[in-house]
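Here the structure is laid out as structure tokens; the discussion comes afterwards.
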Amino acid sequence: MAFSFLSGIRVLDLSQYLPGPLAAQVLADLGAEVVKIEPPAGDPQRHLDPTAGPLDPDVAEGGDTSPFYHVLNAGKTVTRLDLKSDAGWAQFQALVQGADVLLESYRPGVMDRLGFGYDVAKDLNPGLIYCALTGYGQTGPLRLAAGHDLNYMAATGALSQAGSAAGPAMAWPPMADCAGAVMSALAILGALVRRGRDGQGAFLDVAMSDCVLSWQAIGLTAEKFGLGKARGAALLTGGAACYRVYACADGRELTLGNLEPRFWENFCRAVNRDDWVPRQWEGLPQADLIAEVAGHLAGQPLDHWLALLDGVDTCVQPVADYAGVADRPQVKARGLVADDPLGGVQVLLPILADGMTTGTRAPLALRTAEQILQNWEKT
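Residue 1320 in our numbering sits at position 218 of the sequence shown, with consecutive numbering throughout.
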């Protein structure tokens, strides 16, 4: 049974690329009707492979559309409007009047210059929830600065701890984009709850940089009290032997997450290194102990260690790659990975509630504004 939490809620998605469309897809998964409004040429994501760059025509469905675009927008309806034309403007006004939520991801001021910013939308529909998802927000010296996920991560301190002492690392998946998507959906849900009480609409200013910054309280607090560590030297960033990624003899990798002493002790005894047990809390970074653990684990292939640790109460997992993660028993048991009808892979909403699940999302459906409005009149 599909989710019905947002049944009857209509969302206009004017966003592009990843963050906004992902937020809108979460709302669709929860039962909302999402109408993606694109310019006549469509979303630029239609011609972009986020893993390699401009689209290789041999990869595209139908010769010109990225499978990534289809996966990210499955479960929605799309209509293409020329908002600079009188007809397109009139149709957009009608859609706004019938909608509950509008989500856009332009830089501050762009929607106002196009003639359909929040003030205009509010006049058309006082109860509208209007979410503006941007890189740096509607205020501040960077409000108009260009940027992408990596820049937002950098600007908020997140990248300062990514990587090792040897150098910085790129972050994947794009956490700022995903954080912005989740926080936008969360803010919209909260605004809908308030509107249900008093009928009041809302303007939601969500910045991807803010969303990443909101996850930095531990690091900022450590810095305030003089407890900050260099890149790769803190407890959770690679400085502790009990909490690291290690290479095995076959080049595959094993993660240890043994923060609790009992888990660390169980691991040490299982790999026949009881002498490591009392060394768990040596000073950071634990270069000597890390080298010993790394050398020990590098002496055997991954499967040897997995067999040895099977059934041991310790926090270990192999590093799965994309080629095999969908076939892992735990992933299959949760039922979150499904084949997209157009050839890609869908990862479904990671929430199971009262027997409701997302189910495989329907392909993005192209409709005219007239068709959408006529359907709204019927319902």
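Glycine included, each C-beta is placed from N, C-alpha and C at the ideal position.
Pick out whichever of ALA1336, GLY1353, ASP1352 has its Cα sitting closest to the Cα of ARG1346. Taking the first residue of the sequence shown as 1, we reach residue 1346 at position 244. Nearest option by C-alpha distance: ALA1336.
Residues that DSSP places opposite ALA1304 in a beta bridge: By 1-based counting over the sequence shown, the position of residue 1304 is 202. Answer by DSSP bridge pairing, in chain order: ILE1231.
Relative to the alpha-carbon of TRP1383, which residue among ALA1267, GLY1426, LEU1338 has its alpha-carbon at the smallest distance? Taking the sequence shown and counting its residues from 1, one reaches residue 1383 at position 281. Of the listed residues, the one whose Cα sits closest to TRP1383 is LEU1338.
Exposed or buried, TRP1274, counting other C-beta atoms within 10 Å across all chains shown (16 or more means buried)? Here residue 1274 refers to the residue found at position 172 when the sequence shown is read from its first residue. Counting Cβ neighbours within 10 Å, TRP1274 comes out exposed, since fewer than 16 surround it.
Using DSSP's beta-bridge definition, name the partner residues of ARG1182. Your numbering for residue 1182 matches position 80 in the sequence shown. DSSP, once it has assigned bridges, lists GLU1140 as partnering ARG1182.
Inspect the beta-carbon positions of GLY1197 and ILE1474 and report whether they are closer than 8 angstroms. Residue mapping note: residue 1197 aligns to position 95 of the sequence shown, counting from 1. Residue mapping note: residue 1474 aligns to position 372 of the sequence shown, counting from 1. In the sequence as presented, Gly is not what sits at residue 1197; that position holds Leu. ILE1474 is positioned such that its CB atom lies closer than 8 angstroms to that of LEU1197.
Reduced DSSP category for GLY1330 - H, G, I as helix; E, B as strand; rest coil: Within the sequence shown, the letter at position 228 stands for residue 1330. Coil at GLY1330, not helix or strand.
In the structure shown, what three-state DSSP assignment does ASP1151 receive? Position 49 of the sequence shown, counting from 1, holds the residue named residue 1151. Note: ASP1151 maps to strand in three-state DSSP.
Name the two residues that bound the continuous alpha helix (DSSP H) containing GLU1479. Within the sequence shown, the letter at position 377 stands for residue 1479. Counting along the chain, the alpha helix (DSSP H) containing GLU1479 begins and ends at 1471 to 1480.
Quick one: measure Cβ to Cβ for ASP1151 and SER1168, integer angstroms, because I've assumed they're closer than 8 angstroms. For this step, residue 1151 is matched to residue 49 along the sequence shown. For this step, residue 1168 is matched to residue 66 along the sequence shown. So it is a contact: roughly 6 angstroms between Cβ atoms.
Kindly identify the DSSP beta-bridge partner or partners of PRO1420. The residue you call residue 1420 lines up with position 318 of the sequence shown. BP columns for PRO1420 point to LEU1356.
May I have the straight-line CA-CA distance separating GLY1328 from LEU1322, to the nearest angstrom? Counted from its first residue, the sequence shown places residue 1328 at position 226. Counted from its first residue, the sequence shown places residue 1322 at position 220. GLY1328 and LEU1322 have their alpha carbons spaced roughly 10 angstroms apart.
Any idea what DSSP makes of MET1285, helix, strand or coil? For the purposes of this step, residue 1285 is identified with residue 183 of the sequence shown, where counting begins at 1. DSSP places MET1285 within a helical segment (H, G or I) once states are collapsed to three.
For ARG1112 and PRO1452, the rounded distance between their alpha carbons: By 1-based counting over the sequence shown, the position of residue 1452 is 350. By 1-based counting over the sequence shown, the position of residue 1112 is 10. Our two residues, PRO1452 and ARG1112, have alpha carbons roughly 22 angstroms apart in a direct line.
Start-to-end residues for the alpha helix (DSSP H) that takes in GLN1199: Start at 1 with the first residue of the sequence shown, and residue 1199 comes out as number 97. 1188 to 1200 is the span of the alpha helix (DSSP H), which, as asked, contains GLN1199.
So, with DSSP's three-state summary, where would you put MET1458? The sequence position of residue 1458 within the sequence shown is 356, counting from 1. Three-state result, MET1458: strand.
Please state whether DSSP places THR1339 in a helix, a strand or coil. As a first step, residue 1339 must be located in the sequence shown, where it is residue number 237. Correct three-state label for THR1339: helix.
Please list, in chain order, all residues of the same chain as TYR1424 whose beta carbon is under 6 angstroms from its beta carbon, the five residues on each side excluded. For this step, residue 1424 is matched to residue 322 along the sequence shown. Same-chain partners within the cutoff: there are none.
Extent of the continuous beta strand (DSSP E) run through ALA1349: For the purposes of this step, residue 1349 is taken as residue 247 along the sequence shown, with counting starting at 1. In the DSSP assignment, ALA1349 falls within the beta strand (DSSP E) that extends over 1345 to 1349.
Considering ARG1245, what are the terminal residues of the beta strand (DSSP E) in which it resides? The residue labelled residue 1245 in the question sits at position 143 within the sequence shown. That residue, ARG1245, is in no beta strand (DSSP E); it is neither H nor E in DSSP.
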